[in-house]
Amino acid sequence: MTHRNTAPLLLGLACCLASLIASPAARAWEPNAKDREAAIDSGDLADYIEKLTTWLQAKVPAEPAAITREVLQNLLRDEAFVNALAERQFLVKVWERPDLVTYAAADPKNRAFVSWLMANGRIMDEFLLTRTPTDMHSRNDNSWSINTGMLDAWRTIQEAHPDSKQGLYLRLAMAAVLRPPGSGNQGAGQSKEPGTPLSRFEHYMAAHKNGELVPSFDTLSAWELTQVVSSNASDKDLGWARQAVLTWNPDYYRQENIVALGSQMKYQGSQIPYNSMSCLLAGGGKCGPRSSFGVFINQAFGIPAMGVGQPGHAAVCYRDKHGNWQVAMGKGWHVSKVSDRGTMSGGEFLERTKERKMSTFAHVEHLRWLATLLPEKPRKDAIMAVLPNVSEGDYDVISGLRSELPAKPAVAEKPAAKPAPKVEVAPGVIHVEAGDFYDMGGLGGYGAPAAAIDSYTGGKQLHFGALIQTAWVGYKIKVPKTGIYELTAQVSVVNWGQRLYARSFGAMHPVKSATATDVFGNNTKDLGPQMATDHSLGTRWAMNLGKEQGTLELDLGEPKPISKMIIDERSWDRVSGFRVDYKDGDEWKLLFEGRDIGDFKKEFPQVTTQYVRLVLLDGKAPAGGPTIWDVSVGDVFDGHGWIEAEWSAETAGLWQSTKPIEMRLVEGEQTFWICVPGQRGMSLKSFDLKPKEVRN
0 MTHRNTAPLL LGLACCLASL IASPAARAWE PNAKDREAAI DSGDLADYIE
50 KLTTWLQAKV PAEPAAITRE VLQNLLRDEA FVNALAERQF LVKVWERPDL
100 VTYAAADPKN RAFVSWLMAN GRIMDEFLLT RTPTDMHSRN DNSWSINTGM
150 LDAWRTIQEA HPDSKQGLYL RLAMAAVLRP PGSGNQGAGQ SKEPGTPLSR
200 FEHYMAAHKN GELVPSFDTL SAWELTQVVS SNASDKDLGW ARQAVLTWNP
250 DYYRQENIVA LGSQMKYQGS QIPYNSMSCL LAGGGKCGPR SSFGVFINQA
300 FGIPAMGVGQ PGHAAVCYRD KHGNWQVAMG KGWHVSKVSD RGTMSGGEFL
350 ERTKERKMST FAHVEHLRWL ATLLPEKPRK DAIMAVLPNV SEGDYDVISG
400 LRSELPAKPA VAEKPAAKPA PKVEVAPGVI HVEAGDFYDM GGLGGYGAPA
450 AAIDSYTGGK QLHFGALIQT AWVGYKIKVP KTGIYELTAQ VSVVNWGQRL
500 YARSFGAMHP VKSATATDVF GNNTKDLGPQ MATDHSLGTR WAMNLGKEQG
550 TLELDLGEPK PISKMIIDER SWDRVSGFRV DYKDGDEWKL LFEGRDIGDF
600 KKEFPQVTTQ YVRLVLLDGK APAGGPTIWD VSVGDVFDGH GWIEAEWSAE
650 TAGLWQSTKP IEMRLVEGEQ TFWICVPGQR GMSLKSFDLK PKEVRN
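As structure tokens, this is what we get:
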């Protein structure tokens, strides 16, 4: 018998059998990096997209009746499925020229970036969801796309800043390329060249690292960040805004109430062109410019903001520190319209942003993407029928990077106030910190007319509110020698024409007593004539409403030479006629006459007298009721003068040293006053009195 070697035959049969058994599994294609990379390298993605589409279609039940809410929820809880769905959506949305494979082939760096992005399903998903329009009409239209210019800008950011591959800076990079500088609301003060995605990313990254942005910035989603970085302002203006506010009144930042700064813009037609945002604030404007500034100032501090249209009006909306969108500088949401590449009513905007905040938005879009790739209408319709039933309860489905967002800012409680920086002064110079006052007050305005607040750089500063009637601050100083001193102050202003009135006491004659023909409400204790002669700019003599004529008489205690007089009516400006008399023996004689008082001072030929009287003859205000804050007479003037603050577009809001003015001071302890007339907001950090001509 001939023996044949059957080993090769048996091996062949075994291989055939194994092949028959294994072939179904071998043919069950799964999304994988190897095939994706090969497709990109080949320059033809069509076959790969077809395989990806077929795999996704197979996951959906063939029978429309079996496509239930629960089935779809389970699919969207499967990370591999959602990643594949996002990958397929990404591939079909990047269609503008150059296409994806052309872009990848153009540069090895491009190729590496595309590989990184497509290997990270959640990042792709977040990018797509952020790009998706907010309004339902545009979402249903589904004509939006992604161009490779966005990918190139993103690669540039990532190449320059590797830490932008995760966390907040990843979301910030996405936002900067999807809504680059200048793509936000158009309006007054905007820059002709607002910047590039890279420059805007670097601007906000640096501001974040420096602690200049509000704490809630850390919690923003990529879409919310698009409403920050898209600002039409230049990076220079955005930086100016933060430095100006942190200098001028840092409490707006500490309280995360930046939107209130919009009310600092005077409601008027501007007298200067809107060449920058500082010009916008200083010049004022009506609803349009105020809306533009409201959007800008929020965005400067990292707060999402958008313009709002209302009937015959423009307002602003912003995301507050609790994550809710609010309307400011206008009426409510019920009359509002907002545009995020598509126009929405205020109600729809609130609904859609609430969906974005949860996972509802992502859930709906994922189902929409899935329905789009199915060939059969009944199965498409079955999925679309589920959309109206998607609710907040579906938050556990996979949704981009939402699960990585911190629930609240990871910051400590309000930091302790910093001590005032040590100030070195030359011998003989009197240095006074603004917070070292003994008396402070004011009348009128929004909020406190004057407030001592923590300065951002340490110590205290005083902030005088906008549209006040008056404010005053009293200091006790020790003067080493009598003479003339030069006064300079560290001030911050955001508007032009701002000034402070400075006044010392001690050189003019003290008043023994004072009497008046009329006192408001008979309140002699608080508003009596003695209040106009007590060496304080925080007290006043006031007459009753309806009265225009009255007399204030001063008794100097003994005959004294007088040749100078100061009368302080401040901004009340109710007197339109007056005279001043002195008593010569038993006879009153005229010293001089005048019309307006305001901040009045006058020199006249010297006389010697014990009694002087101010006679009010006529008034301007229909209701009458003159108010006199101070009346002083003597043979030399007390120190008095106006501290003028300069304004420029470049330095608005920053600390400046004012030009010196001369003040007479008397040796020893005395009071020194800073008074603020009606104005538009000003801050004081300190002031110095430098000897110029003093007695040796």
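Everything in the sequence shown is counted per numbering that gives the first Met the number 0, starting at 0 for the first residue and increasing by one.
Note that CB positions come from ideal geometry on N, CA and C, so glycine has one too.
Check residue i in the structure and name its three-state DSSP category.
i	result
Arg-178	coil
Thr-218	helix
Ser-275	coil
Ala-447	coil
Ile-20	With a pLDDT of 44 at Ile-20, under the threshold of 50, the modelled position of that residue is not reliable, and the figure given next carries that caveat. Note: Ile-20 maps to helix in three-state DSSP.
Tyr-102	helix
Gly-261	helix
Pro-97	coil
Thr-514	strand
Gln-157	helix
Tyr-484	strand
Trp-540	strand
Val-59	coil
Ala-411	In this predicted model, Ala-411 has a pLDDT of only 43, less than 50, meaning its place in the structure is not dependable; the value taken from the coordinates is given anyway. Here Ala-411 sits in coil by DSSP.
Leu-10	Any reading at Leu-10 must be qualified, since the residue scores a pLDDT of 41, below 50, and its modelled position is unreliable; no value is offered.
Lys-691	strand
Gly-458	coil
Give every residue of the same chain whose Cβ lies closer than 8 angstroms to the Cβ of residue i, excluding the five residues on either side of it in the sequence, and list them in chain order.
i	result
Asp-595	Asp-572, Val-574, Ser-575
Val-334	Gln-309, Pro-310, Gly-345
Ala-531	Ala-513, Thr-538, Arg-539, Trp-540, Leu-551, Ile-627, Trp-628, Asp-629, Val-630
Ala-83	Pro-30, Leu-51, Trp-54, Leu-55, Gly-120
Val-518	Leu-526, Gly-527, Pro-528, Trp-540, Ala-541, Met-542, Asn-543
Ser-137	Trp-143, Arg-340, Gly-341
Gln-605	Pro-560, Ile-561, Ser-562, Asp-634
Who are the near neighbours of residue i in its chain, counting only those whose CB is closer than 6 angstroms to its CB and skipping five residues on each side?
i	result
Val-693	Lys-480, Gly-482
Asn-494	Ala-281, Arg-679
Gly-434	Ala-451, Lys-459
Ala-327	Val-258, Val-315
Glu-211	Arg-241
Phe-686	Val-431, Ala-488
Ile-156	Ser-163, Ala-172, Leu-197, Phe-200
Pro-180	Pro-193, Gly-194, Arg-199
Ala-381	Pro-63, Ile-66
Asp-43	none
Cys-278	Ile-271, Ala-648
Beta-carbon separation of residue i and residue j under 8 angstroms?
i	j	result
Gly-301	Phe-200	no
Trp-153	Ala-172	yes
Gln-56	Leu-366	no
Pro-288	Ala-449	no
Met-135	Gln-226	no
Ser-491	Leu-653	yes
Measuring only the C-alpha atoms, how far is residue i from residue j?
i	j	result
Ala-644	Thr-650	11 angstroms
Gly-341	Thr-487	54 angstroms
Gly-680	Gln-270	18 angstroms
Phe-295	Asn-209	20 angstroms
Phe-89	Ala-45	13 angstroms
Arg-241	Arg-253	12 angstroms
Val-59	Ile-66	7 angstroms
Ala-299	Leu-245	12 angstroms
Gln-185	Ser-291	8 angstroms
Leu-260	Trp-247	11 angstroms
Asp-583	Phe-463	44 angstroms
Asp-634	Lys-563	6 angstroms
Pro-690	Arg-498	22 angstroms
Leu-71	Thr-352	23 angstroms
Phe-126	Gly-166	13 angstroms
Ile-660	Phe-436	21 angstroms
Asn-388	Leu-75	15 angstroms
Asp-587	Met-662	Checking the sequence shown, residue 587 turns out to be Trp, not Asp. Spanning the two alpha carbons is a distance of roughly 33 angstroms.
Met-383	Ser-41	36 angstroms
Report the partner residues of residue i according to the DSSP bridge assignment.
i	result
Cys-674	Trp-471, Tyr-500
Gln-309	His-312
Tyr-581	Lys-588, Val-611
Gly-345	Beta-bridge pairing links Gly-345 to no other residue.
Met-564	Lys-601, Val-632
Glu-661	Glu-485
By Cβ distance below 7 angstroms, which residues in the same chain neighbour residue i in space, the five residues on each side in sequence not counted?
i	result
Ile-39	Val-100, Ala-103, Val-113
Ser-570	Gln-468, Thr-469, Pro-676, Gly-677
Does the distance between the C-beta of residue i and the nearest non-hydrogen atom of the ligand ADP fall short of 7 angstroms?
i	result
Met-681	The model depicted lacks the ligand ADP and carries no ligand whatsoever.
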